[in-house]
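**Q** Handing you this structure, nothing more for now.
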Amino acid sequence: MLAHTAADTDSAYAPLGLADPAMAQAQLERVTADLGRMYRERNEALRALARAHHEALLRLSIAAEYRDDDTGVHIVRMGFLAEALALALGQPRSWARLLRMAAPMHDIGKIGVPDSVLKKPGPLTPEERAVMNRHAQMGAEILGTSDVPLFRLASEVAMSHHERFDGGGYPRGLAGTDIPLSGRIVSVVDYFDALTMDRCYRPAIADDTALEMLRRERGRLFDPVVADAFLNSARQMVALRDRINEHRPQFSALLDDETLPLIGA
620 MLAHTAADTD SAYAPLGLAD PAMAQAQLER VTADLGRMYR ERNEALRALA RAHHEALLRL
680 SIAAEYRDDD TGVHIVRMGF LAEALALALG QPRSWARLLR MAAPMHDIGK IGVPDSVLKK
740 PGPLTPEERA VMNRHAQMGA EILGTSDVPL FRLASEVAMS HHERFDGGGY PRGLAGTDIP
800 LSGRIVSVVD YFDALTMDRC YRPAIADDTA LEMLRRERGR LFDPVVADAF LNSARQMVAL
860 RDRINEHRPQ FSALLDDETL PLIGA
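Residue numbers for the sequence shown follow our numbering, so the first one is 620 and each next one is one higher.
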């Protein structure tokens, strides 16, 4: 076996023009540092691009919401309440936060519904109802297919939040746990929040009445497990809603890292 000498080490660096191993090591460390910096800059650029994409879609959601609710606060409540309900169901905090950012885009498809249908004060005709119901499919198409988890989840929410646990919903007539959990969560939150806000065709319904209506629909409209989680956390959910109504956080709060604290939690 041949002995390895210092001369052999020096000759190994010779093709690199580096006779000194210490110099070669220093250059290797500089290259490694440069690669690390480039990797961080790339990731920061991708995060900035994803945030810009999300903000653009969120603003489109806001535009759709302003046609049906001139305060626009509904979509902020939807995000935080959906996150809180996901946590009450024991879902990972990372997924719950992702749902917070996705849920506000649930009705983005309403941007394509005519005002004559969207703002009609009376009952919809079967033809008008068919037009209204297309907003779920339109929302999923607006959000598109993506490899980005946030946009994939938002598309799933838009498509599934009007499905019913008994299979009588739309657009695909899914039933039970065939409905994605995201849609089952958002449907409960949307039902309660929509009932307890003023609409163009009726005043807000009292919280206790809305909770009783939700209780009666468990197992029919809603997954009973998800409905029960909301009902069991009703005090915290109402406190969170009231906190949002009082402080009117900016839409950008939906994108921040921290969960909005609950009053009395």
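Note that CB positions come from ideal geometry on N, CA and C, so glycine has one too. As the structure is a prediction and not an experimental result, all values here were calculated from the model.
Strictly by DSSP, which residues pair up with Arg-839?
**A** On the sequence shown, residue 839 is found 220 positions in, with the first residue counted as 1. Beta-bridge pairing links Arg-839 to no other residue.
**Q** Assuming Arg-860 and Arg-748 form a contact by the criterion Cβ under 8 Å, report the distance between their Cβ atoms to the nearest whole angstrom.
**A** As a position in the sequence shown, residue 860 is number 241, starting the count at 1. As a position in the sequence shown, residue 748 is number 129, starting the count at 1. Rounded, the Cβ-Cβ distance is 28 Å, inconsistent with contact.
**Q** State the start and end residues of the unbroken alpha helix (DSSP H) segment that holds Asp-734.
**A** By 1-based counting over the sequence shown, the position of residue 734 is 115. Start and end: 734 to 737.
**Q** In this structure, how does DSSP classify Arg-783 when only helix, strand and coil are distinguished?
**A** Within the sequence shown, numbered from 1, the residue matching residue 783 stands at position 164. Coil.
**Q** What are the boundary residues of the alpha helix (DSSP H) that includes Ser-765?
**A** Looking up residue 765 in the sequence shown gives position 146. Element bounds for Ser-765: n/a, residue is neither H nor E.
**Q** Just to confirm, is the Cβ distance from Gly-728 to Ala-755 under 9 Å?
**A** Taking the first residue of the sequence shown as position 1, residue 728 is located at position 109. Taking the first residue of the sequence shown as position 1, residue 755 is located at position 136. Yes, they are a contact pair.
**Q** According to DSSP, is Arg-712 helix, strand or coil?
**A** Taking the sequence shown and counting its residues from 1, one reaches residue 712 at position 93. Three-state result, Arg-712: helix.
**Q** Compare the C-alpha of Asp-797 against each of Val-805, Arg-783, Arg-821 and Asp-826 and name the closest.
**A** Position 178 of the sequence shown, counted from the start, is the residue given in the question as residue 797. Looking at the Cα atoms, Arg-783 is the closest of the given residues.
**Q** Between the Cα of Leu-874 and those of Ala-643, Thr-651, Leu-706 and Leu-718, spot the shortest distance and give me the residue it belongs to.
**A** Residue 874 sits at position 255 when you count from the first residue of the sequence shown. Distances from the alpha-carbon of Leu-874 to those of Ala-643, Thr-651, Leu-706 and Leu-718 put Leu-718 closest.
**Q** Using the rule of at least 16 other Cβ atoms within 10 Å of the residue's Cβ for burial, across every protein chain shown, is Ala-721 buried or exposed?
**A** In the sequence shown, residue 721 corresponds to position 102, counting from 1. Under this definition Ala-721 is a buried residue.
**Q** Span of the alpha helix (DSSP H) holding Ala-823?
**A** The count along the sequence shown starts at 1 and reaches residue 823 at position 204. Run containing Ala-823: none; DSSP gives neither H nor E here.
**Q** From Ala-853 to Asp-827, what does the alpha carbon distance come to, in whole angstroms?
**A** One-based indexing of the sequence shown puts residue 853 at position 234. One-based indexing of the sequence shown puts residue 827 at position 208. Those two C-alpha atoms are separated by around 10 Å.
**Q** Assuming Val-825 and Met-816 form a contact by the criterion Cβ under 8 Å, report the distance between their Cβ atoms to the nearest whole angstrom.
**A** Here residue 825 refers to the residue found at position 206 of the sequence shown. Here residue 816 refers to the residue found at position 197 of the sequence shown. Before going further, note that residue 825 is Ala rather than Val in the sequence given. The beta-carbon separation of Ala-825 and Met-816, rounded to 12 Å, does not stay under the 8 Å limit for a contact.
**Q** Among Lys-738, Ala-715 and Asp-812, which has the Cα closest to the Cα of Leu-772?
**A** Within the sequence shown, residue 772 is the residue found at index 153, counting from 1. It is Ala-715.
**Q** How is the alpha helix (DSSP H) around Gly-901 delimited, first residue to last?
**A** Beyond the ends of the chain as shown, which are 620 and 884, falls residue 901; an answer cannot be given.
**Q** By Cβ distance, which residues of its chain are closer than 7 Å to Ala-794, with the 5 residues on each side in sequence left out?
**A** Stepping through the sequence shown from its first residue, residue 794 is reached at position 175. Cβ neighbours of Ala-794 beyond the five flanking positions: Phe-784, Asp-785 and Gly-786.
**Q** Given this structure, state the Cα-to-Cα distance separating Tyr-632 from Ala-645, to the nearest angstrom.
**A** Here the question's residue 632 lines up with position 13 in the sequence shown. Here the question's residue 645 lines up with position 26 in the sequence shown. Confidence is the limiting factor: at Tyr-632 the pLDDT is only 48, short of 50, which leaves the residue's position unreliable, though a coordinate-based value still follows. Roughly 13 Å between the two C-alpha positions.
**Q** Does DSSP classify Arg-867 as helix, strand or coil?
**A** To locate residue 867, count along the sequence shown from 1; it is residue 248. Coil.
**Q** Which one of Phe-841, Arg-834 and Leu-762 has the shortest CA to CA distance from Asp-726?
**A** For the purposes of this step, residue 726 is taken as residue 107 along the sequence shown, with counting starting at 1. Among Phe-841, Arg-834 and Leu-762, the Cα nearest to that of Asp-726 belongs to Leu-762.
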